[in-house]
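Colleague: So that we are looking at the same thing, I have put the structure below in structure tokens.
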Amino acid sequence: MMLDRSSNNYYGGIEAGGTKFVCALGDARGQILQQITIPTSSPQETLSSVFGFFRSQPQKVSAIGVGAFGPIDLNTESMSYGRILPTPKPGWTNTDIVGEISSALQTPVSLDTDVNCALLAEAETGAGRGFANLAYVTIGTGIGAGIMTNRQVLYGASHPEIGHMYAPSLPFDQDFEGVCPYHGKNCLEGLVSGPAIYKRWQLTSSELPEGHEAWQIIAHYISIVCMNVQLCVAPDKIILGGGVMRQQKLFPLVRDSFRANLNGYGRSGVNLNALEEFIVPPGLNGDAGVIGALQIARSEQNNAKILV
338 MMLDRSSNNY YGGIEAGGTK FVCALGDARG QILQQITIPT SSPQETLSSV FGFFRSQPQK
398 VSAIGVGAFG PIDLNTESMS YGRILPTPKP GWTNTDIVGE ISSALQTPVS LDTDVNCALL
458 AEAETGAGRG FANLAYVTIG TGIGAGIMTN RQVLYGASHP EIGHMYAPSL PFDQDFEGVC
518 PYHGKNCLEG LVSGPAIYKR WQLTSSELPE GHEAWQIIAH YISIVCMNVQ LCVAPDKIIL
578 GGGVMRQQKL FPLVRDSFRA NLNGYGRSGV NLNALEEFIV PPGLNGDAGV IGALQIARSE
638 QNNAKILV
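Listed below in structure tokens is the structure:
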């Protein structure tokens, strides 16, 4: 799908995360002109701040793209399209994020997951540029992933929920019960999301000291995500983003654990001697989500599946 790069239109992008909303005003070339970060509180308070940001801009936006935390209903034929589905985030279940934004700002709204928006941005201008098959995994307040095969984002009956992938606990890590209200410690989000790290050690990932036992445990569970994604969809690269992965010391630990878990399996399609080129950080730092939201706002059709 061709994106409009020639008009003087302006667009809005919203990365609607579980911890913060990032709102941006962008031009037809995708350049960010204004940007603000809003803490995620109640739906009413958070969305009111979002509306205030766009209403304060001198330029009226032609469309808004939203990359939202999930689960969300992406089926445009569904009665609940555009709503947050049952979520651990207090107060947000059944929030009509598309309807409320569209009604308040009187503009078309395109919707996708926050990780799919980050994936689109990284594929176009970030760490995935030039590659047809990508996985973007975010590890933060929750865990999610966007998958691109042959330059097209992967959708099924719903968006993938890789954060709730089954993960057996390490033999010496049986006592931690996890934080997922649905699966406890039996899913990755329950074991290694930001809230899981804090509950386990009473420290955030940025506060954990060098040499703490936590790093090897965190790296092991993240490597399980990478291994399962690789064996299922065979991406050219796996991009690891989110707040937890801002700790750069994790990348070599994750690669080492990935190599050990793969255990020499030769048909994985991965060069085990060049994992620093396969498991990589984002190229757009913390802006991938909102840049991707601007991309879908600039698309020609609401909720379009964009080809990069």
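If you're matching positions, the sequence shown starts at 338 in our numbering and goes up one per residue.
Idealized CB from N, CA, C, for every residue including glycine.
#1: On the DSSP bridge list, what partners appear for Ser584?
#2: Just to confirm, is the Cβ distance from Ser560 to Asn600 under 8 Å?
#3: Return the first residue and the last residue of the beta strand (DSSP E) that Leu471 is part of.
#4: Less than 7 Å between C-beta atoms, sequence neighbours within five positions excluded: which residues of the same chain meet that for Cys563?
#5: Confirm, please, whether the CB-CB distance from Val403 to Ile438 is below 8 Å.
#6: Do Gly531 and His520 have their C-beta atoms within less than 8 Å of each other?
#7: Should Val581 and Gly477 be called a contact, given that it needs their Cβ atoms to be closer than 8 Å?
#8: What separation, rounded to the nearest whole angstrom, lies between the Cα atoms of Glu550 and Asn523?
#9: According to DSSP, which residues form a beta bridge with Cys563?
#10: Mind reading off the beta-carbon distance from Asp451 to Glu352? Whole number of angstroms is fine, and I expect it under 8 Å.
#11: Hey, could you find the ends of the alpha helix (DSSP H) Val435 is sitting in?
#12: Along the chain, which unbroken stretches of the alpha helix (DSSP H) at least 4 residues long are found entirely within the segment 508-555?
#13: Buried or exposed: which applies to Glu459, given that a residue is buried once 16 or more other Cβ atoms fall within 10 Å of its Cβ?
#14: Please classify Ala361: is it buried, with 16 or more other beta-carbons within 10 angstroms of its beta-carbon, or exposed?
#15: I need the straight-line Cα distance from Ser379 to Trp429, nearest angstrom please.
#16: I need the straight-line Cα distance from Lys397 to Ala472, nearest angstrom please.
#17: Taking its Cβ as the centre, do 16 or more other Cβ atoms sit within 10 Å of Gln567, making it buried, or is it exposed?
#18: If we ignore side chains and look at the alpha-carbon of each, how far apart do Gln553 and Leu587 end up?
#19: List the residues that DSSP assigns as beta-bridge partners of Lys357.
Modeller: Judging by the given coordinates:
#1: Just to set this straight, residue 584 is Gln in the shown sequence, not Ser. None; Gln584 has no bridge partner.
#2: no
#3: Leu471 to Ile476
#4: Ile575, Val591, Phe595 and Ile616
#5: yes
#6: No, these two residues do not count as a Cβ contact at 8 Å.
#7: With respect to the 8 Å criterion, Val581 and Gly477 are classified as neighbours on the basis of their beta carbons.
#8: 20 Å
#9: Answer is none; Cys563 lacks a bridge partner.
#10: Going by Cβ atoms, the distance from Asp451 to Glu352 rounds to 6 Å, so yes, they are a contact pair.
#11: Ile434 to Leu442
#12: Every alpha helix (DSSP H) of 4 residues or more that sits fully in the segment 508-555 is shown, in chain order, as 525-529 and 531-538.
#13: buried
#14: buried
#15: 7 Å
#16: 34 Å
#17: buried
#18: 9 Å
#19: DSSP, once it has assigned bridges, lists Pro376 as partnering Lys357.
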